[in-house]
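Chains as they are written, first to last, in my numbering: chain Y, 589 to 716; chain B, 589 to 716.
Where is the CB? At the ideal position from N, CA and C, for every residue including glycine.
Protein chains: 2
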Amino acid sequence: MSHPTIPISDAESRVMDVLWQQAPLTSEQIVAAVQSNSDWHEKTVRTLLNRLLGKSAVEATRDGRRYLYRPLLTRAQWQSQESHSLLDRVFGGRVAPLLAHFSQHEKLSAKDVAELRKLLDAIERKER
Amino acid sequence: MSHPTIPISDAESRVMDVLWQQAPLTSEQIVAAVQSNSDWHEKTVRTLLNRLLGKSAVEATRDGRRYLYRPLLTRAQWQSQESHSLLDRVFGGRVAPLLAHFSQHEKLSAKDVAELRKLLDAIERKER
DNA sequence: CATTTCAGATTACACGTGTAATTTTTATTC
DNA sequence: GAATAAAAATTACACGTGTAATCTGAAATG
């Protein structure tokens with residue numbers, strides 16, 4: 589397969605989230621952004637950032653005396669990883685039961701339904 | 589939010605899976621069923637079963653000298669928990685982006701598409 | 001240059017999980 | 001009843017994660 593899966597913990601994903609919104613950023617900026625949505629200690633955020641570095645989910649390039657951080661793992665890649673994990677773990681790898689579950693148990697607005705229909709049309713057209 | 593969320597680990601869910609297929613079962617039957625799909629040690633399976641008891645995800649009723657185990661958490665409840673967790677953690681709680689992601693990035697067979705269409709039809713009919 | 005100040009690196013520690021082994025309890029068999 | 005066997009409960013231990021505190025090295029400051 590193309591991308592090796594990079595496990596991102598829940599807390600780590602909050603840090604990724606700020607980098608997905610804007611990058612590159614200094615650690616100070618990242619800490620500030622994370623703290624605007626949480627009450628995590630600065631040390632905590634820095635630890636998470638370091639773990640993400642260790643996993644190569646973000647990269648750091650020196651900029652004068654600091655580093656600038658940017659995501660290597662993209663949000664779409666991560667969403668794929670997580671979705672696939674749910675699909676396999678919980679729905680036996682079959683998409684239809686998953687979608688059925690969401691359709692039945694999560695409220696879909698008429699707009700959602702219409703949107704889905706368009707997606708299905710597009711898929712069928714693409715499929716020959 | 590009727591049911592309190594019960595966190596089930598990945599390994600634990602394999603044990604639940606056999607109970608969702610058939611219940612009640614003795615621990616011996618559970619061990620055998622789990623081992624038919626894995627190479628876990630009997631002790632491992634029993635540990636998982638015990639943790640599930642501790643979480644009240646299964647119940648044990650005495651039957652002579654053994655216990656009979658049955659699930660308290662249903663598969664549908666668990667699927668809801670996990671789906672909701674993905675939705676919130678990864679897709680900001682919005683269903684449409686999740687469905688769009690699956691539609692675009694996970695391969696849907698023609699059969700999946702047909703099935704989904706039927707679901708959408710059913711939803712629209714129900715919606716008045 | 002000695003000192004203070006930070007950014008970054010290293011260490012900490014409890015809890016859940018994967019993966020059992022050990023111990024205890026209960027029941028069955030000499 | 002003593003010994004054994006089977007089931008259940010308790011304990012073990014490493015690794016990831018949440019949540020920091022401490023240490024280190026280099027830069028700015030007096």
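Other residues of its chain near residue i: CB distance less than 8 Å, five sequence neighbours each side excluded
i                 : result
Arg-634 (chain B) : Ser-615 and Val-619
Cα-Cα separation, residue i to residue j
i                 : j                 : result
Glu-703 (chain B) : Leu-707 (chain Y) : 14 Å
Gly-652 (chain Y) : Ser-624 (chain Y) : 26 Å
Glu-712 (chain Y) : Val-606 (chain Y) : 36 Å
Leu-696 (chain Y) : Lys-695 (chain B) : 22 Å
Glu-647 (chain Y) : Arg-705 (chain B) : 43 Å
Trp-666 (chain Y) : Trp-666 (chain B) : 23 Å
Pro-612 (chain B) : Lys-714 (chain B) : 36 Å
Exposure label - residue i; buried when at least 16 CB within 10 Å
i                 : result
Glu-630 (chain B) : exposed
Ser-700 (chain Y) : Before going further, note that residue 700 (chain Y) is Asp rather than Ser in the sequence given. That one is buried.
Ala-710 (chain B) : exposed
Ala-664 (chain Y) : exposed
Ala-549 (chain Y) : As displayed, chain Y neither begins before 589 nor continues past 716, which places residue 549 (chain Y) out of reach and without an answer.
Chain-order list of residues whose beta-carbon lies under 7 Å from that of residue i (same chain, five-residue window excluded)
i                 : result
Thr-649 (chain Y) : Tyr-655 and Leu-656
Pro-592 (chain B) : none
Val-603 (chain B) : Ile-618, Val-622, Val-633, Leu-636, Leu-637 and Leu-640
C-beta contact flag for residue i and residue j at 9 Å
i                 : j                 : result
Arg-682 (chain Y) : Ser-601 (chain B) : no
His-693 (chain Y) : Ser-626 (chain B) : no
Phe-690 (chain Y) : Ser-691 (chain B) : no
Leu-640 (chain Y) : Ile-596 (chain Y) : yes
Ala-599 (chain Y) : Gln-610 (chain Y) : no
Ile-594 (chain B) : Ser-644 (chain B) : yes
Trp-628 (chain B) : Pro-659 (chain B) : no
Leu-675 (chain B) : Leu-687 (chain Y) : no
6 Å Cβ shell around residue i - same chain, five flanking residues per side excluded
i                 : result
Pro-685 (chain Y) : Phe-679
Leu-661 (chain B) : Ile-594 and Ala-645
Residues bridged to residue i (per DSSP)
i                 : result
Val-603 (chain Y) : Val-603 (chain Y) is not bridged to any residue.
Arg-658 (chain B) : B:Glu-647
Leu-613 (chain B) : B:Tyr-657
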